[in-house]
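**Q**
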Amino acid sequence: MRAPPAPPSGVLPAAERLAAVASVLCLHPARQRDALDGWLAATEAVRVAGPDGLAANEAMVFRDGYGRACWRLHLLPDSDFLAWDQVSLALPSRPPPRWPSAARWWRRMRGWRAQVLRLRVVVDHEGRRILVAEAAQLSDVGARHARRIAAAHGARLIAAHACCCLARRDAALAPHS
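When we follow the UniProt record's numbering, the leftmost residue of the sequence shown carries the number 1, and every step to the right adds one.
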């Protein structure tokens, strides 16, 4: 029997700050219904930066109450770099995984999907902030970068469905910075 997840205790960026980054590569477990399910499950986020073979690979890794990675956002050449820095530098930093733990991580990542998304926030009729994701158009360089990151993580790059990527997070669920 599994213990219930821990209550939210970490730092999560505000939806508006994520939306300011605009285009990102989102990795999420294949078991999730859509790309924003990880955002709803997240209780903390960390910044990870490390070499990926050709260039620095910056990501924000979101974890659920069990400490499992449930959502990853990767910086792309088409992202807003200043907005990315404002969000990611407010998060605690973690080194990238090392071997042999990285081998286990790699096997787990094979069951993940990757989607190129444009994040934005809308406000519903009750004044709640809703994070929305839709398919993003990338430059050729951005598309190559997204394919390379997805391949490096063993994730399958799939087309985004604009209609399914809608997620709401009540302010009481987790602290936002």
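Cβ atoms here follow ideal geometry from the backbone N, Cα and C, with glycine treated the same way.
For my contact list, Leu119 and Val21 are in at a C-beta cut-off of 8 angstroms; report their separation, rounded to the angstrom.
**A** So it is a contact: roughly 7 angstroms between Cβ atoms.
**Q** Figure out for me which residue from Ala30, Leu89 and His28 has the closest Cα to the Cα of Val11.
**A** Ranking Ala30, Leu89 and His28 by Cα distance to Val11 puts Leu89 first.
**Q** At a cut of 8 angstroms, does the stretch 148 to 155 reach the stretch 121 to 138 through at least three beta carbon pairs?
**A** These segments do not touch.
**Q** Would you tell me roughly how many angstroms separate the C-alpha atoms of Arg33 and Leu82, rounded to the nearest one?
**A** Going by the C-alpha atoms only, they are around 31 angstroms apart.
**Q** Where does Ile130 sit, in a helix, a strand or coil, going by DSSP?
**A** DSSP places Ile130 in strand when its eight states are reduced to three.
**Q** What residue does the alpha helix (DSSP H) around Ala22 start on, and which one ends it?
**A** Here Ala22 belongs to no alpha helix (DSSP H), and DSSP marks it neither H nor E.
**Q** Quick one, are the C-beta atoms of Glu58 and Leu73 less than 7 angstroms apart?
**A** In this structure, Leu73 does not lie closer than 7 angstroms to Glu58 by Cβ.
**Q** Which residue marks the beginning of the alpha helix (DSSP H) containing Val11, and which one marks its end?
**A** Note, Val11: premise wrong, no alpha helix (DSSP H); not H, not E.
**Q** Are His28 and Ala19 touching if we call contact CB-CB under 7 angstroms?
**A** No. Outside cutoff.
**Q** Taking only the alpha-carbon atoms, compute the straight-line gap between Asp140 and Ile130 and give it to the nearest angstrom.
**A** Roughly 30 angstroms separates the two Cα atoms.
**Q** Please say whether Trp71 and Gly38 have beta carbons closer to each other than 7 angstroms?
**A** In contact: Gly38 and Trp71 (Cβ atoms closer than 7 angstroms).
**Q** Which partner residues does His28 have in the DSSP bridge list?
**A** In the DSSP output, where bridge partners are listed per residue, His28 has Arg113.
**Q** Please classify Ser23: is it buried, with 16 or more other beta-carbons within 10 angstroms of its beta-carbon, or exposed?
**A** Flag for Ser23 reads buried.
**Q** Excluding five sequence neighbours on each side, which residues of the same chain lie with their C-beta closer than 8 angstroms to the C-beta of Ala143?
**A** Taken in chain order, the residues that qualify are Val116.
**Q** Given a cut-off of 7 angstroms on the beta-carbon distance, is the pair His87 and Arg17 in contact?
**A** According to the sequence as given, residue 87 is Val; it is not His. Against a cut-off of 7 angstroms, the Cβ pair of Arg17 and Val87 comes out as a contact.
**Q** Identify the continuous beta strand (DSSP E) that holds Ala35 and give its terminal residues.
**A** First-last for Ala35: undefined, no H or E at that position.
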